[in-house]
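Scroll down for the structure; my scribbles are underneath it.
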Amino acid sequence: MRRAVRRGFGLVVWAALAVAGGLAGQAAVDLEATVEADSVRVGEAFTVRLAVGQARGGEVRFPALMDLPESLEQTAPVQIRSVDEGRRWEAEYSLVAWRADTLAIPPVEVQLVGAGGVTRTLEPSAVVVSSVLPEAEGTLELRDARPFLRLGASPWWILAVLAAVAALAWWTWGRRRHAAVPQGPLHPGELALREFERLRRVWVERGLSGDRFYDGYEGALRRYADATRGWAASRELVGLGDSDAGLISALRHSIMARFARLRTDRDGPIADIEIGEAFVRSDMADETAAAEATSGAPDALSGAAEDAG
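Residue numbers (numbering that gives the first Met the number 0): 0 to 308.
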């Protein structure tokens, strides 16, 4: 009997101490709930700040998301920070309103871990949300239509257009003038040198086989000989004279490469191209010298006749 009385008395004392501690914890808690702006527009973000101050300190747990109606939306996770060595806890909620009205923000329950898990309720004030549209009774201000391009104090776009037109006209006139200049036929030697240069470039880029390369090389030489000597491209080497030693040497390089297969490396065709170019340039130089000598011969004869007179 005495043991039961003692046990009951202990429970009563423990409960009394717990209630007293809870009341003391409640009395030492400072709660704040503020809204950043009293009035916002639809779709404009605003912040709700919750603050809990405790004399003894201790952790305060805030909900990650507020329980909001459809007209309000939380746009970011809650931002929580502790100041003054845990005696004050602050939380910020970023919200957006989607309806024009005076919207009440629901109360928020927080848990005071340091006070034995006691919960407290913070009630933010309502926020006035205004519409982004003009009022129904208001009149809209209509402005006159404006042209896409307006003349101002500095019509830079006119100068840009004039400059572009002038550049286009100059480019077109230059092309027409260049096209109007008559160009005579190229010398057979120039044609052969151009073909040699093309063959060299394609061979270096590995765009031709050896047989195709030497077909083009020999064809260029034979066309040149046909144009300068009347030597048909279908004829053999028989019939060329001693003055054609350079041509015979260049053609023999091609024939030996195609049929005797003496050259197999990549540098062989380049060397043969150089031999063909040297022959064509030498032949063109001899032709130029002969033409100059022929044109100067009448002058020399007339001079000799005057001396004789």
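Backbone N, C-alpha and C fix where the C-beta goes; we use that ideal spot for every residue, glycine too.
Just so we're clear, the structure is a prediction, and the values are computed from it rather than from any experiment.
How many whole angstroms separate the CB atoms of residue i and residue j, which I take to be in contact at a CB cut-off of 8 Å?
i: residue 266; j: residue 252; result: Wrong, their Cβ atoms sit about 13 Å apart, outside the cutoff.
i: residue 87; j: residue 50; result: 7 Å
i: residue 47; j: residue 128; result: Residue 47 to residue 128, Cβ: 14 Å. No contact.
i: residue 96; j: residue 41; result: 6 Å
i: residue 246; j: residue 224; result: 6 Å
Does the beta-carbon of residue i have 16 or more other beta-carbons within 10 angstroms, so that it is buried, or is it exposed?
i: residue 202; result: buried
i: residue 217; result: buried
i: residue 162; result: exposed
i: residue 126; result: buried
i: residue 160; result: exposed
i: residue 254; result: exposed
i: residue 192; result: buried
i: residue 285; result: exposed
i: residue 194; result: buried
i: residue 59; result: buried
i: residue 282; result: buried
i: residue 132; result: exposed
i: residue 158; result: exposed
i: residue 187; result: buried
Quick one: Cα of residue i to Cα of residue j, how far?
i: residue 222; j: residue 292; result: 26 Å
i: residue 111; j: residue 28; result: 9 Å
i: residue 122; j: residue 92; result: 13 Å
i: residue 288; j: residue 278; result: 15 Å
i: residue 294; j: residue 211; result: 42 Å
i: residue 73; j: residue 34; result: 14 Å
i: residue 116; j: residue 61; result: 12 Å
i: residue 105; j: residue 68; result: 8 Å
i: residue 57; j: residue 84; result: 9 Å
i: residue 71; j: residue 156; result: 48 Å
i: residue 170; j: residue 209; result: 43 Å
i: residue 108; j: residue 53; result: 16 Å
i: residue 45; j: residue 94; result: 5 Å
i: residue 228; j: residue 280; result: 15 Å
i: residue 77; j: residue 89; result: 10 Å
i: residue 168; j: residue 200; result: 37 Å
i: residue 20; j: residue 113; result: With a pLDDT of 48 at residue 20, under the threshold of 50, the modelled position of that residue is not reliable, and the figure given next carries that caveat. Near 12 Å, if we compare the C-alpha coordinates of residue 113 and residue 20.
i: residue 22; j: residue 80; result: Low confidence applies to residue 22: its pLDDT is 42, below 50, so where it sits in the model is not reliable, and the reading given next is rough at best. Going from the Cα of residue 22 to the Cα of residue 80 covers about 26 Å.
i: residue 290; j: residue 166; result: 46 Å
Helix, strand or coil: how does DSSP classify residue i here?
i: residue 45; result: strand
i: residue 79; result: strand
i: residue 88; result: strand
i: residue 96; result: strand
i: residue 222; result: helix
i: residue 349; result: Look at the range of the chain in this structure, 0 to 308, and you will see that residue 349 is not part of it.
i: residue 285; result: helix
* Asked: What are the uninterrupted segments assigned as alpha helix (DSSP H) that are 4 or more residues long and contained completely in the segment 157-214, given in chain order?
  -> Taking 4 residues as the shortest admissible run, the segment 157-214 contains the following complete alpha helix (DSSP H) segments, listed from N- to C-terminal end: 187-203.
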